[in-house]
Amino acid sequence: MEKLLCVGESDVRMIGIWGIGGLGKTTIAKTVYNIISHKFEGSCFLENVRERSLKYGGLQELHKFLLSKTLGLRDLEVNSLDEGSIMIKEILSHRRVFLVLDDVNDLDQLKSLVGKSNWFGSGSRIIITTRDKHLLHDVNHIYQVEKLSHSEALELFNFNAFKGKGQMGDYVELIDNVICYAEGLPLVVEVMGSYLRGRSTDTWKDALESCKRDPKFQQVLKLSYDALEPSMKEVFLHIACFFKGKNKNYVMDILEGCDLRPKHSIEVLIEKALISITEANDVWMHDVLEEMGKEIVCQESSEPGERSRLWLYEDVYHVFVHNTGTSKVKGIMVLKGVPDEQIPLNKKSFLKLNGLQILIICGDVFYGDHVDYLPNDLRLLNWKDCQLQYFPSDFYPRKLVALKMDFSEISSPWSVLKVFYVR
Numbered sequence: 005m006e007k008l009l010c011v012g013e014s015d016v017r018m019i020g021i022w023g024i025g026g027l028g029k030t031t032i033a034k035t036v037y038n039i040i041s042h043k044f045e046g047s048c049f050l051e052n053v054r055e056r057s058l059k060y061g062g063l064q065e066l067h068k069f070l071l072s073k074t075l076g077l078r079d080l081e082v083n084s085l086d087e088g089s090i091m092i093k094e095i096l097s098h099r100r101v102f103l104v105l106d107d108v109n110d111l112d113q114l115k116s117l118v119g120k121s122n123w124f125g126s127g128s129r130i131i132i133t134t135r136d137k138h139l140l141h142d143v144n145h146i147y148q149v150e151k152l153s154h155s156e157a158l159e160l161f162n163f164n165a166f167k168g169k170g171q172m173g174d175y176v177e178l179i180d181n182v183i184c185y186a187e188g189l190p191l192v193v194e195v196m197g198s199y200l201r202g203r204s205t206d207t208w209k210d211a212l213e214s215c216k217r218d219p220k221f222q223q224v225l226k227l228s229y230d231a232l233e234p235s236m237k238e239v240f241l242h243i244a245c246f247f248k249g250k251n252k253n254y255v256m257d258i259l260e261g262c263d264l265r266p267k268h269s270i271e272v273l274i275e276k277a278l279i280s281i282t283e284a285n286d287v288w289m290h291d292v293l294e295e296m297g298k299e300i301v302c303q304e305s306s307e308p309g310e311r312s313r314l315w316l317y318e319d320v321y322h323v324f325v326h327n328t329g330t331s332k333v334k335g336i337m338v339l340k341g342v343p344d345e346q347i348p349l350n351k352k353s354f355l356k357l358n359g360l361q362i363l364i365i366c367g368d369v370f371y372g373d374h375v376d377y378l379p380n381d382l383r384l385l386n387w388k389d390c391q392l393q394y395f396p397s398d399f400y401p402r403k404l405v406a407l408k409m410d411f412s413e414i415s416s417p418w419s420v421l422k423v424f425y426v427r
């Protein structure tokens, strides 16, 4: 990477870091950023571009973050995508900057955020990490991330399992087996090392036997999940299904409301390399771990209404149309509807969902303007474009932490606040 960047040369250089998920592209970019960012007039590490750009106004927020971080300014206003791109071009074209765009998956993201090399001052460097090599056709150089060699995997595993102290002793043969199963993927090596740290050789052998029965990477990573306390498992699954990419303080408030001791749980999940906290203070987890968490929920039952969490449109549709909801459902999230397939609401739609704690609805999802019941156990009610005319008369959610009803048709959503305290 050092040779590709050639820091000190006067040209503007864009470098692509390319490889499959779990290879450590972000880690490489972040390491380089931490080492050389101080050598520039301004710098910004723009994390999770793919996920953050999916949010409403997400790309515009990325403009704002990039400019604010690079210029060291607060409260900088960006009123549109076009304005953001123009500001980047006009302001940064006279500055020697170092930018990292992490996890890019769409050409429009690149066009909007870094455009062309003449948007930046002489000597600027831009790193782009992606899984899609096609997006990098205009960069100067591409750094392909390969899987770890045996010696590299051994070093990483030693760091995570033994804190780099090299006290392998009786574990040498077991370590070789673990590294073989990891197949050079840093994510697997890191999670396995964190899981096995401080455990007996018998536990190591049991873990390896489990890997032999089902060598899929998700199953290997699931060992760390299986070792968690019940409340920590709940926190992990909530994050995987609903809160990946959300602000840590917001997530902590919701999970605290769910009586899950989130502070300690999040600390443990970070220690076990199952989640991380970004520079922007968002809760993050790798796609592979997100998929693993969702698969754990799907395995709870073949009937969606018997599962603890619902996030797939077709599953929510099935539960509401066939009235198969149960008290086992703790959370529902539907982010957008499918054209001509709105979910019908009736007076009893939520009646069986009396254990529901999290309800997140965004978009043209339901039709119908009246329900007789909403669960009083709700901690989070986020219903954008809600078409209900009013809340049920016996809706008293005393444990509610957050109420968000943007663009709602409900006559007075805040009247419900008169009967309980929202933290």
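Everything in the sequence shown is counted per my numbering, starting at 5 for the first residue and increasing by one. Ideal Cβ placement from N, Cα and C applies to all residues, glycine included. As the structure is a computational prediction, the values presented were derived from the model and not from experiment.
Query raised in the report: What residues in its chain sit with their C-beta under 7 Å from that of Ile24, if we drop five residues either side in the sequence?
Result: Arg135
Query raised in the report: For Tyr371, is the classification buried or exposed, using 16 other Cβ atoms within 10 angstroms of its Cβ as the cut-off for buried?
Result: Exposed.
Query raised in the report: Whose C-alpha, out of Met337, Glu310, Glu87, is nearest the C-alpha of His326?
Result: Glu310
Query raised in the report: Once you ignore the five residues that flank Met236 on each side, which residues in its own chain have a CB closer than 7 Å to its CB?
Result: Ser269, Val272, Leu273
Report task. Quick one: give me the first and last residue of the beta strand (DSSP E) that Arg17 is part of. Result -> If you look at Arg17, you'll find it in the beta strand (DSSP E) that goes 17-22.
Query raised in the report: Using the beta-carbon count (16 or more within 10 Å), is Tyr229 buried or exposed?
Result: buried
Query raised in the report: If we cut at 8 Å on Cβ distances, does Leu363 have a partner in chain C?
Result: No chain C appears in the structure shown, which is made up of a single protein chain.
Query - DSSP three-state assignment for Ala284, whether helix, strand or coil - result: coil
**Report entry** 8 Å Cβ cutoff met for Leu384 and Ile183
**Finding:** no
Query raised in the report: Between which two residues does the alpha helix (DSSP H) carrying Val239 extend?
Result: 234-242
Requested in this report: Give a yes or no on whether the C-beta atoms belonging to Met18 and Ser121 are separated by under 8 Å.
Outcome: yes
**Report entry** Best match in Val36, Gly367, Lys298 for proximity to Gly335 [C-alpha to C-alpha]
**Finding:** Lys298
Query raised in the report: Would Lys7 be called buried (16 or more neighbouring beta carbons within 10 Å of its own) or exposed?
Result: exposed
**Report entry** Host alpha helix (DSSP H) of Thr134 (start-end)
**Finding:** Note, Thr134: premise wrong, no alpha helix (DSSP H); beta strand (DSSP E) at 129-134.
Query raised in the report: Hey, out of Asn380, Lys388, Phe411, Val101, whose CA is closest to Pro396's CA?
Result: Of Asn380, Lys388, Phe411, Val101, the smallest CA-CA separation from Pro396 is found for Asn380.
Query raised in the report: Quick one: any contact between the stretch 150-163 and the stretch 112-131, if contact means 3 or more CB pairs under 8 Å?
Result: no
Query raised in the report: With 16 other CB atoms within 10 Å as the buried threshold, where does Pro234 fall?
Result: When all chains shown are included, Pro234 counts as exposed.
Query raised in the report: If you draw a straight line from the C-alpha of Leu339 to the C-alpha of His290, how long is it?
Result: Their Cα atoms are separated by approximately 21 Å.
**Report entry** As assigned by DSSP and simplified to three states, the class of Lys422
**Finding:** Bear in mind that the predicted position of Lys422 carries a pLDDT of just 47, short of 50, making it unreliable; the figure below should be weighed with that in mind. Helix, per DSSP.
Requested in this report: Tell me whether Leu316 is buried or exposed, calling it buried when 16 or more other Cβ atoms sit within 10 Å of its Cβ.
Outcome: exposed
Report task. Buried or exposed for Phe49, please, with buried defined as at least 16 other CB atoms from any protein chain shown within 10 angstroms of its CB. Result -> Counting Cβ neighbours within 10 Å, Phe49 comes out buried, since at least 16 surround it.
**Report entry** Whether Ser305 touches Val333 by CB criterion (8 Å)
**Finding:** no
Report task. Would you give the residue range spanned by the alpha helix (DSSP H) that Gly335 belongs to? Result -> Segment 335-338 is the beta strand (DSSP E) holding Gly335; no alpha helix (DSSP H) there.
Query raised in the report: Given Thr30, which residues of its chain have a CB within under 8 Å of its CB, disregarding the five upstream and five downstream residues?
Result: So the qualifying residues of the chain are Glu51, Asp106, Asp107, Thr133.
Requested in this report: Would you tell me roughly how many angstroms separate the C-alpha atoms of Val369 and Ile40, rounded to the nearest one?
Outcome: Between Val369 and Ile40, the C-alpha separation is close to 47 Å.
Query raised in the report: Can you tell me whether Asp210 is buried or exposed, with buried defined as 16 or more other CB within 10 angstroms of its CB?
Result: By the neighbour-count rule (16 or more Cβ atoms within 10 Å), Asp210 is not buried but exposed.
Query - Under the three-state DSSP convention, the category Pro266 falls into - result: helix
Query raised in the report: Can you tell me whether DSSP reads Trp315 as helix, strand or coil?
Result: coil
Query raised in the report: Counting along the chain, where does the beta strand (DSSP E) carrying Asn386 start and finish?
Result: 384-387
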